[in-house]
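K.L.:
Per numbering that gives the first Met the number 0, the very first residue in the sequence shown carries number 0; after that it's consecutive. Heads up, the beta-carbon is just placed ideally off N, CA and C, and yes, glycines get one too. Dropping the structure in here first, questions after.
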Amino acid sequence: MSSTKILPESDVTPNLSHGDGDHERFSHYADANKITESYVTGIPVRALCGKVWTPSRDPKKYPVCPECKEIYEGLPSGDDE
């Protein structure tokens, strides 16, 4: 005879305080076109900090990776002055 258990509802909000490693707790900076392409093709992208991942979650739910932010802020602005 088989039985079925009903599991209690669980919180699916990501735990940002521990568990997944530093790179998993942050949203990362990468080329916007490559991120879009990755959503469609599943091909991983490389963030400015070096993390390689396949984007699949809402980056607004995570703080920005401090390494990516530091690198991004150090990049030239793109102005031709």
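Could you check what DSSP says for Ser55 in three-state terms: helix, strand or coil?
P.N.:
Three-state result, Ser55: coil.
K.L.:
In chain order, what residues of the same chain lie with their CB nearer than 6 Å to the CB of Ile70, ignoring the 5 residues before and after it?
P.N.:
Leu47
K.L.:
Alpha carbon to alpha carbon, how far is Leu74 from Arg45?
P.N.:
17 Å
K.L.:
Does the separation of the CB atoms of Pro58 and Ser26 fall below 8 Å?
P.N.:
yes
K.L.:
Between the Cα of Asp30 and those of Glu23, Pro54 and Arg24, spot the shortest distance and give me the residue it belongs to.
P.N.:
Pro54
K.L.:
Taking the alpha helix (DSSP H) that Cys67 belongs to, which residues open and close that run?
P.N.:
Per DSSP, Cys67 belongs to the alpha helix (DSSP H) from Pro65 to Gly73.
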